[in-house]
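Accompanying notes for the structure given below.
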Amino acid sequence: MQNEYRFTFGQKHRHEPHPIAPWVHPDGWLTIFAPDTQRARKLAESIVGEDGFSMQYGAATTGRDAWPREDIYPRGELHRATWE
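Just so you know, we're using this note's numbering here: the sequence shown kicks off at 216 and counts up by one.
This is the structure:
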């Protein structure tokens, strides 16, 4: 079973291009489907690098792990990948 995870990016990418993934922007997120948190993080790191994102979110609906809010991340999903 694949779980959904989302990764957001730092504000520096508003004006500074991401060195690996030019689509990265702080107003959106990367969606990863993976069996667990560790594999989701590994896949995200393979796409944007080890220090390529700022936050990882799981399926929780409240607290620190809540999904990125679309009013704060108006570009929404910027890229999607699935652990194979």
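Glycine is no exception: its CB is placed at the ideal position from the N, C-alpha and C atoms.
Because the structure is a prediction, the values reported are computed rather than measured.
The DSSP-derived three-state label of Glu260 is helix.
Apart from sequence neighbours up to five positions away, the residues of its chain that approach Ala236 with a beta-carbon distance below 6 Å are Val263, ordered along the chain.
Rounded to the nearest angstrom, the gap between the Cα atoms of Gln217 and Ala259 is 15 Å. Annotation for Arg290: no beta strand (DSSP E) segment contains it, and DSSP assigns it neither H nor E. By the CB criterion at 7 Å, Arg290 and His240 fall inside the cutoff. Taking Ala249 as the centre and dropping the five residues before and after it, the same chain places the C-beta of Gln217, Asn218, Tyr220, Ala255, Leu258, Trp298 closer than 7 Å to its C-beta, in chain order. C-alpha of Glu292 to C-alpha of Leu245: approximately 6 Å in a straight line.
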